[in-house]
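Chemist: In order, the protein sequence lines correspond to chains A and B.
According to this note's numbering, the stretch in the first sequence is residues 1 to 282, in order.
According to this note's numbering, the stretch in the second sequence is residues 283 to 419, in order.
One structure is given below, represented as structure tokens, and several questions about it will come after.
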Amino acid sequence: MQRYKRLPIYCLLPMVLVSAPVFSADGKLIGTAGLTQIEGAGGGGLVPWATLSGYDSEDQISASSAVTVVDVDDYRLNAFGMSASFYDRAEISLSHQRFDLKSLGGTIRQNIVGMKYRLYGDVVYSELPQISIGLQHKQLSDTAVAEALGADDDQGTDIYLAATKVHLGAIGGYNAVWNLTARATKANEMGLLGFGGTQNSDYELQLEASAGILFSRNLAVGVEYRQKPDNLGLGEDDWVDAFVSYIPSKSVSITAATANLGAIAGAPGQSGFYLSLNAQLW
Amino acid sequence: MRLLIVILLFGLTTACVTSSQSLYAELGGEDKVDEVVENFITEIEFDPMMYDYFKDSDIGRFREKFTEHFCMLTGGPCEYTGDTMEQVHTGMEISEANFNHAVDLLISAMNKANIPHRLQNRVLATMAPLRGSIIYI
Chain A
1 MQRYKRLPIY CLLPMVLVSA PVFSADGKLI GTAGLTQIEG AGGGGLVPWA
51 TLSGYDSEDQ ISASSAVTVV DVDDYRLNAF GMSASFYDRA EISLSHQRFD
101 LKSLGGTIRQ NIVGMKYRLY GDVVYSELPQ ISIGLQHKQL SDTAVAEALG
151 ADDDQGTDIY LAATKVHLGA IGGYNAVWNL TARATKANEM GLLGFGGTQN
201 SDYELQLEAS AGILFSRNLA VGVEYRQKPD NLGLGEDDWV DAFVSYIPSK
251 SVSITAATAN LGAIAGAPGQ SGFYLSLNAQ LW
Chain B
283 MRLLIVILLF GLTTACVTSS QSLYAELGGE DKVDEVVENF ITEIEFDPMM
333 YDYFKDSDIG RFREKFTEHF CMLTGGPCEY TGDTMEQVHT GMEISEANFN
383 HAVDLLISAM NKANIPHRLQ NRVLATMAPL RGSIIYI
């Protein structure tokens, strides 16, 4: 896993330094609404971004939905999300996650309510990045596994600050997008294994990053990194993915990724694919 | 995963390749800029939202001044002699949605003039800073 954990940092840093990544109906340029991340917020795949989930402008409201599957060696996650964004200012999201333990048997379900507020900027047009603050309140429906592993709690709230910027024509004429997110969290494996634990019960600050290039108005390629705490002492690993997004229109996008999720609940080397379908409802 | 990273690094590498030509010249100079501007005017004429803003305008003057502006912004041998963006747009109550719609029409105009994607982005980058002096004023 060490090999995988180093790879993204090596790749991400130059991109962020060169000010690389991109994404947002009439409200924004196609592709700049981004995607819906795995916990329901507007973002990349694994990381919440400063962008809101829709193409709304200051005078508009938009709604979107997403279905995501992440399938790795011993686990499979299905996530269903709905979100609404208001006047390019605030976003509310609901997400239901269903985490299947393929090897051990059993299912862990979790519901997430998210809110995001844009503090500053426009991802494409402002000189500085767009900046948003958000929270994700997570409630486990199936708590047995979290309790057995020694988690403190079956619910928790993450708070994050995200900065996202699109640079027009920045890389050989291609649009580039980058995102940096700082998240305060107690969640174990995003909350699926509870919150806090025997090794640590406090909030910890975790860094997340994304970088991508838009090779056309309809095709984005990028990488993501998400740092994670290890509250349970199970060697919880950081997450990495590399994605390709196809955005045929402002109303739909499909994203495929390879995901390296490291050790999950003691099962090492969990890697596999990520597939997400996003639909803008209005 | 490796393949994607190679693609990304390739993208980075191409960023280092800079051209000594102006963007204006790379686009194809005067003829190409005229074509884009003409396409843009056609897009506006057939667009209900945009046409409203232009129905009382002198299209001949718009063609001349926008062509100059386009040329100057892309590094061409022109001087923009029109009014400032603030003077032109004050009181028009142009919303963010209107602005972005106009950008979509400009992209469409460039597509119809066969301007490559990478040059389109660089054109948009020269115009993006004007947004603040166009909307909500």
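Glycine included, C-beta positions come from ideal geometry on N, C-alpha and C.
Everything numeric in this text was worked out from a predicted model, so none of it was measured.
1) Please list the terminal residues of the continuous beta strand (DSSP E) segment that includes Glu289(A).
2) Does the CB of Gln206(A) have a neighbour CB from chain C at under 8 Å?
3) Compute the Euclidean distance between the alpha carbons of Ser201(A) and Val72(A), then round it to the nearest angstrom.
4) Give me, in chain order, the residues of the same chain whose beta-carbon lies closer than 7 Å to that of Tyr75(A); leave out the 5 immediate sequence neighbours on both sides.
5) Compile a chain-ordered list of the residues in the stretch 78-100 of chain A whose CB is closer than 9 Å to at least one CB of chain B.
6) What does the alpha-carbon distance come out to for the pair Ser24(A) and Asp329(B)?
7) What residues from chain B crowd round Val124(A), counting only those whose CB sits closer than 8 Å?
8) Just to confirm the assignment, what range does the alpha helix (DSSP H) spanning Leu355(B) have?
9) Between the C-alpha atoms of Val315(B) and Gly156(A), what's the straight-line distance to the nearest angstrom?
10) CB Ala410(B) to CB Leu168(A), shorter than 8 Å?
11) Identify whether Gln402(B) lies in helix, strand or coil by the three-state DSSP scheme.
12) What does Gly150(A) reach in chain B if we use C-beta pairs closer than 9 Å?
13) Taking 8 Å as the cut-off, does the stretch 55-65 of chain A touch the stretch 80-95 of chain A (at least 3 CB pairs, one atom from each stretch)?
14) For Phe273(A), count the other beta carbons within 10 Å of its own beta carbon; 16 or more makes it buried, fewer makes it exposed. Which is it?
15) Alpha carbon to alpha carbon, how far is Val252(A) from Leu277(A)? Give it in angstroms, no decimals.
16) Measuring straight from C-alpha to C-alpha, what distance separates Asn393(B) and Ala176(A)?
17) List the residues of chain B whose Cβ lies closer than 7 Å to the Cβ of Asn175(A), in chain order.
18) Alpha carbon to alpha carbon, how far is Phe322(B) from Trp49(A)?
19) Where Leu305(B) and Asp313(B) are concerned, what is the direct C-alpha to C-alpha distance, given to the nearest angstrom?
20) Name the one or two DSSP bridge partners that Gln270(A) has.
21) Give the residues of chain A in contact with Ala407(B), contact being defined as C-beta atoms less than 7 Å apart.
22) I need the DSSP call for Leu135(A), collapsed to helix, strand or coil.
23) What in chain A is Cβ-close to Arg413(B), meaning under 7 Å?
24) Are the Cβ atoms of Gly196(A) and Asn231(A) separated by less than 8 Å?
25) Where do the ends of the beta strand (DSSP E) carrying Phe195(A) lie?
26) With 8 Å set as the bound, which would you pick, yes or no: does the beta-carbon of Ser216(A) sit closer than that to a beta-carbon of chain B?
27) Go ahead and pull the three-state DSSP assignment for Glu91(A).
28) Could you have a look at Ser415(B) and say whether DSSP puts it in helix, strand or coil?
29) So what does DSSP say about Ser390(B), is it helix, strand or coil?
30) By the 10 Å Cβ neighbour count, where 16 or more other Cβ atoms means buried, how is Gly106(A) classified, buried or exposed?
31) Under three-state DSSP, which class holds Asn278(A)?
32) Identify every residue that forms a DSSP beta bridge with Trp178(A).
33) Between Arg400(B) and Trp239(A), what straight-line distance do the alpha-carbon atoms span, to the nearest angstrom?
34) DSSP three-state call for Tyr117(A): helix, strand or coil?
35) Classify Arg3(A) as buried or exposed, calling it buried when 16 or more other Cβ atoms lie within 10 Å of its own Cβ.
36) Considering only C-alpha positions, which residue in the set Leu261(A), Val166(A), His137(A) and Lys165(A) is nearest to Asp153(A)?
Modeler: This is what the structure gives:
1) The displayed coordinates of chain A run from 1 to 282. Any statement about residue 289(A) would go beyond what the structure contains.
2) Absent from the structure is chain C; the protein chains it does hold are A and B.
3) 28 Å
4) Phe99, Asp100, Leu101, Lys102, Ile264 and Gln270
5) Asp88
6) The predicted position of Ser24(A) is uncertain, since its pLDDT is 34 and thus under 50; a value taken from the coordinates is nonetheless stated next. Roughly 22 Å between the two C-alpha positions.
7) Ala410
8) Ile341 to Leu355
9) 56 Å
10) yes
11) helix
12) Ordered by position in chain B, no residue passes the 9 Å Cβ test against Gly150(A), which lies about 33 Å from the chain.
13) yes
14) exposed
15) 7 Å
16) 20 Å
17) Asn403
18) 33 Å
19) 14 Å
20) Gly262(A)
21) Leu168 and Gly169
22) strand
23) Tyr125
24) yes
25) Where Phe195(A) is concerned, there is no enclosing beta strand (DSSP E), given that its DSSP letter is neither H nor E.
26) yes
27) strand
28) helix
29) helix
30) exposed
31) strand
32) Lys165(A) and Ala211(A)
33) 32 Å
34) strand
35) The predicted model places Arg3(A) with a pLDDT of 40, which falls under 50 and marks its position as unreliable, so this point remains unresolved.
36) His137(A)
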